[in-house]
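See below for the structure under consideration.
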Amino acid sequence: MNIFAQATYIFFMARKHQTLGEFIIENQSEFKYSSGELSRLINSIRLAAKVVNHEVNKAGLVDILGAAGDTNIQGEDQQKLDVMANTTFINTLKNREIVCGIASEENDDYITVEGHNDDHQNKYVVLIDPLDGSSNIDVNVSVGTIFSIYRRITEAGTPVTLEDFLQPGRNQVAAGYIVYGTSTMLVYTTGHGVNGFTLNPAIGTFYLSHPNMQFPEEGQIYSVNEGNYVHFPQGVKDYIKYCQEEEGNRPYTSRYIGSLVSDIHRNMIKGGIYMYPKSSLNAKGKLRLLYECNPMAFIAEQAGGKASDGFTPILDLKPTELHERVPFFCGSSLMVNKAEEFLANSYK
Ligand code: AHG
Ligand code: MN
Ligand code: MN
């Protein structure tokens, strides 16, 4: 090996063994308000992810150790995992002087965090889907957590308002997800590309395993709940038929886990499109703009992919409600373009 090859080898070996903690510190200066607060915020998410991972991994033992709703041996009530994940993330985020407000799928209203001196000086709001795909828990299939982070737009020193949460996705300063799968991974972006870290559960450390993740421009997977087919708009039906036709690199293959995080994670690695369209059953689709679609769209765009409601980029939508739903098309850019083409044609 020549010296150059050796140096390259050492560099890549070093990067391969880089931990999430090291990565956060090393990349802190990339962030425009690099006061260290965002780094501490990502660190608190890393901690909560490890706690939730530990609980999710024990889910298969509930019949032995006691089901959710039962009373455990210490006389404490066993919590459902989505409630447990919610409490874990909220408590971890609240406990640091960084976050002024939290909105969660599990809470009707947002939570105001006053800060230790009750002075409302903290600058960030976090929106979370603490356990995504939770119906998969009982059948031992991957679930996830999704998070989205903004800087508040109201003045520090005043209580957080709804306005701070209803910012367009374009304003996100960071977003990410954790997939509790065959391995547990944390994938996030601060607007400088997307990086994925895999947890070594034996020592509780996340290692950089997927540097600079990229959505292939085109793929061969389409992911949609086809059970709803007859209720989909004509453009979506036409696009699904296009995916199934035999021509060029088609027919595509159909893969649908029913866990947004896992479906998008797979498609980002292999190339594909994820769709949750509106239907005659759900006028605005099912997925939530603020803590499902926006963070996934930010990640998709940062990885060179695309996300839209079928017509408009998700990140350009102006939210009006905390829990609003939106149709979602996300994945390899050429595939999303094609789906949009079918939708536009069906409305002509
Ligand atoms: P959650 O578990 O947070 O409520 O989210 C479930 C979502 C999403 O993860 C998944 O892609 C979608 O619901 C599946 O919905 P269908 O069962 O209607 O396909
Ligand atoms: Mn969800
Ligand atoms: Mn959820």
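Sequential numbering of the sequence shown, starting at 1155, is according to the working numbering.
We put the CB at the ideal spot given by N, CA and C, even for glycine.
Since the model is a prediction, treat every value here as computed from it, not as a measurement.
Integer-rounded CB distance, given that residue j should sit under 8 Å from residue i
i       : j       : result
Ile1307 : Gln1321 : 7 Å
Leu1497 : Val1390 : 7 Å
Ser1302 : Tyr1396 : That pair is no contact at about 32 Å.
Ile1196 : Ile1178 : 6 Å
Residue i Cβ short of 8 Å to ligand 1 heavy atom set
i       : result
Gly1412 : yes
Asp1292 : no
Asp1272 : no
Asn1379 : yes
Gly1190 : no
Neighbourhood of residue i by C-beta distance below 7 Å, restricted to the same chain and skipping five residues each side
i       : result
Glu1209 : Leu1235, Met1238
Leu1340 : Leu1174, Arg1200, Ala1203, Gly1330, Ile1332, Phe1351, Phe1360
Glu1372 : Gly1425, Ser1486, Leu1488, Met1489
Own chain partners of residue i with C-beta closer than 6 Å, once the 5 adjacent residues on each side are dropped
i       : result
Arg1409 : Ile1375, Ser1377
Thr1338 : Asn1207, Leu1353
Ala1493 : Tyr1393, Phe1483
Leu1362 : Gln1172, Phe1177, Phe1351
His1346 : Glu1184
Met1429 : Val1378, Phe1483
Opposing strand residues paired with residue i [DSSP bridges]
i       : result
Met1339 : Val1333, Thr1352
Phe1360 : Leu1353
Ala1498 : Paired residue(s): none; Ala1498 is not in a bridge.
Asp1283 : Ile1300
Ile1244 : According to DSSP, which records beta bridges pairwise, Ile1244 is partnered with nothing at all.
Among the options, nearest to residue i - alpha-carbon criterion
i       : options                            : result
Tyr1393 : Arg1305, Glu1268, Ser1302, Gly1464 : Gly1464
Ser1462 : Lys1438, Pro1473, Val1490          : Val1490
Arg1442 : Thr1474, Asp1417, Lys1424          : Thr1474
Glu1176 : Arg1194, Gly1402, Ile1291          : Arg1194
Gly1214 : Asn1290, Cys1254, Ile1265, Phe1243 : Asn1290
Ile1252 : Gly1458, Glu1260, His1270, Phe1369 : His1270
Val1348 : Leu1362, Ile1357, Gly1335, Asn1366 : Asn1366
Ser1413 : Thr1266, Gly1335, Ile1453          : Gly1335
Thr1241 : Ala1451, Asn1499, Glu1317, Leu1285 : Leu1285
Glu1455 : Gly1358, Thr1344, Arg1404, Gln1398 : Thr1344
Ala1437 : Cys1447, Ser1416, Glu1478, Val1279 : Glu1478
Ile1423 : Pro1431, Ile1244, Glu1401, Gly1459 : Gly1459
Proximity test, residue i beta-carbon vs ligand 3 heavy atom, cut-off 8 Å
i       : result
Glu1260 : yes
Pro1365 : no
Ser1433 : no
Ser1408 : no
Leu1281 : no
Leu1235 : no
Cβ-heavy atom distance, residue i to ligand 2, below 8 Å
i       : result
Arg1442 : yes
Asp1417 : no
Ile1300 : yes
Glu1478 : no
Gly1330 : no
Gly1439 : no
Residue i Cβ short of 8 Å to ligand 5 heavy atom set
i       : result
Pro1449 : The model depicted lacks ligand 5 and carries ligand 1, ligand 2 and ligand 3 instead.
Chain-order list of residues whose beta-carbon lies under 8 Å from that of residue i (same chain, five-residue window excluded)
i       : result
Tyr1501 : Gly1389
Asn1294 : Ala1213, Gly1214
Glu1495 : none
Asn1211 : Tyr1334, Pro1355
Tyr1278 : Glu1191, Leu1192, Leu1195, Ile1252, Val1253, Cys1254, Ile1303, Tyr1304, Arg1305, Arg1306, Val1327
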